[in-house]
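When we follow this note's numbering, the leftmost residue of the sequence shown carries the number 5, and every step to the right adds one. Backbone N, C-alpha and C fix where the C-beta goes; we use that ideal spot for every residue, glycine too. Below: one structure, written as C-alpha cells.
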Amino acid sequence: MRYHWNDEACEFASAYILRDADKLDGLGEIGLERSRIYKGDNLAEFFMDIRLRYEWIYHIKTDTAKRLFAEHHLGEPFETERAKILNAAIEPVEL
C-alpha cells in the first residue's frame, strides 16, 4: 500500500491499519531483538532506533492496536533497554 509507512497518510483506513500492524510487529521482545541484531554493534544507532520506536507508540492509531500494545506490554522491553543504556552512561560528577 502506497504511503502506509507515513504517519500523516491517514486518509485510507487500510493504510493506517497496515501501519499499526507494522508497528506492533516491530515492538516487544522480538522487535527489540531485531533492533539489537541490526543496530546493536553501534550503540548510538541502537539507541536512536529505540527512540524511533517510542515515536511509533505515539502514532498508533487504531483501538485494536492500542489494546494489543497494552495487553502484551510491547513497550516494556524498550523501556527497560532504554533505562539500561541511560544508566550505564551516567558518570559521577564531583562538585
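- In the three-state reduction of the DSSP assignment, N91 falls in the helix class.
- Contact between L36 and F82 is confirmed by a C-beta separation of about 6 Å, below the 8 Å threshold.
- In the displayed model, I64 falls within coil according to three-state DSSP, outside both helix and strand.
- One Cα belongs to D11, the other to R23, and the distance between them is close to 8 Å.
- In this chain, the alpha helix (DSSP H) harbouring D29 covers 17-29.
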